[in-house]
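Structure record follows, encoded as structure tokens.
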Amino acid sequence: MQYFRDYFASLHCEKENFERILDIKSTVIHTDIIVTECGLWVHEEYPCLGSNPNGLLTCKLCVESIELIQVKCPFTFGNMIPFEAAKDPSFCCEFKGLSINNVTNL
Numbered sequence: 007m008q009y010f011r012d013y014f015a016s017l018h019c020e021k022e023n024f025e026r027i028l029d030i031k032s033t034v035i036h037t038d039i040i041v042t043e044c045g046l047w048v049h050e051e052y053p054c055l056g057s058n059p060n061g062l063l064t065c066k067l068c069v070e071s072i073e074l075i076q077v078k079c080p081f082t083f084g085n086m087i088p089f090e091a092a093k094d095p096s097f098c099c100e101f102k103g104l105s106i107n108n109v110t111n112l
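Taking this note's numbering, the leading residue of the sequence shown gets 7, the next gets one more, and so forth.
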């Protein structure tokens, strides 16, 4: 079987590695984080709807909470650090202090 791989696919694999992002997030917010890789999730009642998150995040301290990890690296901002990218009004997040606020879901 051959896999499609071009510059953009390679960039996706390199920049959207959720384990790398998790390492950063876990040092800032929580220390007891469990990440589980997952594949396609299909809605039981509406099987035409599905989701393909990068992973599931659970925290031993926040046992009632399960978070989905969806890492995005917009190509336009690929060579910028997040603080620089957030200055652009078309970027999907903004910074307030040291935290990131998701302002749009593109």
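Here a beta-carbon is modelled for each residue, glycine too, at the ideal position from N, C-alpha and C.
In this text the structure is predicted, and so the values were computed from the model without any measurement.
Separation of Cys-65 from Val-41, as counted between CA atoms:
Looking at the two C-alpha atoms, the distance is approximately 9 Å.
Neighbourhood of Pro-59 by C-beta, 7 Å cutoff - its chain only, sequence neighbours within 5 removed
Excluding its 5 nearest sequence neighbours in each direction, Pro-59 has C-beta neighbours in its own chain below 7 Å: Cys-44, Leu-74, Ile-75, Gln-76, listed in chain order.
Coarse secondary structure for Glu-73, derived from DSSP in three states:
Note: Glu-73 maps to strand in three-state DSSP.
Considering Gly-61, what are the terminal residues of the beta strand (DSSP E) in which it resides?
Per DSSP, the unbroken beta strand (DSSP E) holding Gly-61 starts and ends at 61-65.
Is Phe-97 buried or exposed, if buried means 16 or more other CB atoms sit within 10 Å of its CB?
By the neighbour-count rule (16 or more Cβ atoms within 10 Å), Phe-97 is buried.
Using the Cα positions of Glu-51 and Gly-61, report the straight-line distance between them to the nearest angstrom.
Cα-Cα distance, rounded: 22 Å.
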